[in-house]
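In this note's numbering, the protein residues as written are 1327 to 1443. Beta carbons: idealized from backbone N, C-alpha and C, even for Gly. Working notes, beginning with the structure itself.
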């Protein structure tokens, strides 16, 4: 069985193939497990994002668009992380910061072009 058929049958790529796709700027889907009730997110390397990919995220994901940021940069910019009053909050959201927007833009901030800037 060739590599392409193996990928189609399993529906999951190897870690090595996935890393290669990320380096090439491809959009991938990351899922939390192989069960029927899993969740997935679209992912693309930040330096590879284009207006076309943001438009794809808006059109097909229809959710929030997240930007990676190191903790030290969040501190420099005085952007707080989201905190929860109890320990029952989902572990995957504890690392989120509050929502941000561009400080100065020439447009409305809503367009795909503005979001890529």
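query = Hey, would you say residue 1345 sits closer than 9 Å to residue 1369, going by beta carbons?
reply = no
request  = Report the partner residues of residue 1366 according to the DSSP bridge assignment.
outcome  = 1357
ask   = Buried or exposed: which applies to residue 1439, given that a residue is buried once 16 or more other Cβ atoms fall within 10 Å of its Cβ?
value = exposed
Boundaries of the alpha helix (DSSP H) in which residue 1400 is found, first to last residue = 1397-1402
message = Quick check on residue 1338: buried or exposed, where buried means 16 or more other Cβ atoms within 10 Å of its Cβ?
response = exposed
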